[in-house]
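J.:
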Amino acid sequence: MSKKTKMWLAGAFSLTLIGCVILGGVMTVLGWDFSKLSTVSHETNDYTVREDFRHISVVTKTANVVLVATEDTKASVVCHEQKNLKHRVTVADGTLTVEVVDVRKWYEYIGISFGSPCITVYLPRGEYGALSVKSDTGDVDVPKDFRFERIDIAGSTGDVTNGASASEAVKIKTSTGHIRVENISAQTLEFSVSTGGITASGVACEEDMTLCVSTGRTVLTDVTCQNLTSSGSTGGISLKNVIVSQTLSVRRSTGDVTFDGCDGAEIDVETDTGDVTGCLLTDKVFLTQTDTGRVSVPETVTGGPCRITTDTGDIRITIS
Numbered sequence: 220m221s222k223k224t225k226m227w228l229a230g231a232f233s234l235t236l237i238g239c240v241i242l243g244g245v246m247t248v249l250g251w252d253f254s255k256l257s258t259v260s261h262e263t264n265d266y267t268v269r270e271d272f273r274h275i276s277v278v279t280k281t282a283n284v285v286l287v288a289t290e291d292t293k294a295s296v297v298c299h300e301q302k303n304l305k306h307r308v309t310v311a312d313g314t315l316t317v318e319v320v321d322v323r324k325w326y327e328y329i330g331i332s333f334g335s336p337c338i339t340v341y342l343p344r345g346e347y348g349a350l351s352v353k354s355d356t357g358d359v360d361v362p363k364d365f366r367f368e369r370i371d372i373a374g375s376t377g378d379v380t381n382g383a384s385a386s387e388a389v390k391i392k393t394s395t396g397h398i399r400v401e402n403i404s405a406q407t408l409e410f411s412v413s414t415g416g417i418t419a420s421g422v423a424c425e426e427d428m429t430l431c432v433s434t435g436r437t438v439l440t441d442v443t444c445q446n447l448t449s450s451g452s453t454g455g456i457s458l459k460n461v462i463v464s465q466t467l468s469v470r471r472s473t474g475d476v477t478f479d480g481c482d483g484a485e486i487d488v489e490t491d492t493g494d495v496t497g498c499l500l501t502d503k504v505f506l507t508q509t510d511t512g513r514v515s516v517p518e519t520v521t522g523g524p525c526r527i528t529t530d531t532g533d534i535r536i537t538i539s
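Taken in order, the sequence shown gives residues 220 to 539; the numbers are from this note's numbering.
1) For Ala282, which of helix, strand or coil comes out of DSSP?
2) Just verifying my parser: in three-state terms, what is the DSSP assignment at Leu430?
3) Go to Arg307, then tell me how far its beta strand (DSSP E) extends in each direction, as first and last residue.
4) Looking at the structure shown, is Gly374 part of a helix, part of a strand, or coil, going by DSSP?
5) Evaluate Ser539 with the Cβ neighbour count: other Cβ atoms within 10 Å of its Cβ, from every protein chain shown; 16 or more gives buried, anything less gives exposed.
6) Within 10 angstroms of the Cβ of Ala184, are there 16 or more other Cβ atoms? Answer buried if so, exposed if not.
7) State the beta-bridge partners of Thr521 as determined by DSSP.
8) Could you give the distance in angstroms between the alpha-carbon of Ala373 and the alpha-carbon of Phe478?
9) Is it buried or exposed, Asp378, if we count other Cβ atoms within 10 angstroms and call 16 or more buried?
10) Between the beta-carbon of Gly483 and the beta-carbon of Val463, is there less than 7 Å?
11) Whole angstroms is fine: what's the gap from Lys324's alpha carbon to Gly512's?
12) Would Ala288 and Asp364 be called neighbours here (beta carbons separated by less than 7 Å)?
13) Taking DSSP's pairing of strands, which residues face Gly483 in a bridge?
14) Could you tell me which residues DSSP puts in a beta bridge with Ser449?
15) Quickly, what does DSSP pair Leu500 with across the bridge? List them, please.
16) What's the call for Gly313, buried or exposed, on a 16-neighbour Cβ count within 10 Å?
17) When you compare the segment 291-300 with the segment 375-393, are there three or more beta-carbon pairs, one atom per stretch, that lie closer than 8 Å?
18) Take Lys392 and list the residues in its own chain whose beta-carbon comes closer than 6 Å to its own, dropping the five residues that flank it on each side.
19) Is the distance from the Cβ of Ser433 to the Cβ of Ser450 below 7 Å?
20) In whole angstroms, what is the alpha-carbon distance linking Asp510 and Leu342?
21) Assuming Leu350 contacts Ile403 under a Cβ cut-off of 8 Å, what Cβ separation, rounded to an integer in Å, is found between them?
22) What are the boundary residues of the beta strand (DSSP E) that Arg513 is part of?
23) Buried or exposed, going by whether 16 or more other CB atoms sit within 10 Å of the CB of Arg307?
24) According to DSSP, Thr531 sits in a beta bridge with which residue or residues?
25) Taking 6 Å as the cut-off, is the CB of Cys424 close to at least one heavy atom of the ligand SAM?
26) Note down the Cα distance separating Thr529 from Asp494, rounded to an integer number of angstroms.
27) Does DSSP put Phe272 in a helix, a strand or coil?
28) Which residue wins for smallest C-alpha separation from Thr263, given the options Ser354, Ala282, Val488, Asp271?
29) Classify Ile536 as helix, strand or coil using the three-state DSSP reduction.
30) Can you tell me which of Val488, His397, Asp533, Ile370 puts its alpha carbon nearest to the alpha carbon of Ala385?
31) Only counting the same chain, and skipping five residues up and downstream in sequence, which positions put a Cβ closer than 6 Å to that of Glu586?
As structure tokens, this is what we get:
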């Protein structure tokens, strides 16, 4: 190592050490409260909704969105938000709309924020029309206290938790967030996520249920539907007490597929390196194919078709 290089390294180490000492001194003065380093100011604004409405639309960027049941006869909205990134609350054509109004200058996008913006929508318990939520980085939480005609939630990095049912469709889409639904019913269900996972339990779907996952894991428990279609890349899928009246279709690359007390009139599973294992409830006519994996299935000759195809994965199925 040359003398010049040693001098550069020594200088870099000295500057780093000085920076750590300064940071330590500043944080000691602030009582190690990192929120005091924030350069973004927040405020809380309350909005009372006096007009009648049936539908709800929320459009935000960084704020979490939470629906809360209230005993009041009127709805209200509480926004904990940035002072230069506020939300507007209006009612028009039967729709309660909460939308972000971004009036920031370009230099106001640069800053440090330790706060958690949040939009809390207080609603009387009951049934509503369409619920639409569009968010970038915030979480979305919809409790079981409400029922809607349609639910459409789209996000980016935030998690989505939904316990509300719908008479028509429930559609939830996010990128890196996780989707969790529990004890809901709907006519159709559509969940889509990239690197996050899907967890669904106590779900009753009258028609089709569609799940699309890339690298996340899917866990289904106590689910009934007419047709179930699940596609993914490296994420596995676990199904427990999943009953499909028509076709159960699973596509995976490297993820495992596990059945526990499941059934369908017709079952179609295809995976590359993942294993397909577990137990089904009724006899099937097994049509299996694998390159290097091992196969162990019942030698039944009655029932609907059960097609299982893998490359290097094993196939082990029993009938309980």
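Just so you know, even glycine gets a beta-carbon here, dropped at the ideal spot from N, CA and C.
T.: So, from the listed chains and residues:
1) coil
2) strand
3) 304-311
4) coil
5) exposed
6) Given that the chain is displayed from residue 220 to residue 539, the structure contains no residue 184 and the question cannot be resolved.
7) DSSP, once it has assigned bridges, lists no residue as partnering Thr521.
8) 30 Å
9) buried
10) yes
11) With a pLDDT of 48 at Lys324, under the threshold of 50, the modelled position of that residue is not reliable, and the figure given next carries that caveat. Between Lys324 and Gly512, the C-alpha separation is close to 59 Å.
12) yes
13) Val463
14) Leu430, Val469
15) Beta-bridge pairing links Leu500 to no other residue.
16) exposed
17) no
18) Ala373, Ser411
19) no
20) 56 Å
21) Not really, about 13 Å apart at Cβ, beyond 8 Å.
22) Looking at the DSSP string, Arg513 is not in any beta strand (DSSP E), and its letter there is neither H nor E.
23) exposed
24) Looking at the DSSP assignment, Thr531 forms no beta bridge with any residue, so it has no partner.
25) Only the bare structure without any ligand can be found here, which leaves the ligand SAM out of the picture.
26) 8 Å
27) coil
28) Ala282
29) strand
30) Ile370
31) There is no way to answer for residue 586, as the model of the chain reaches only from 220 to 539.
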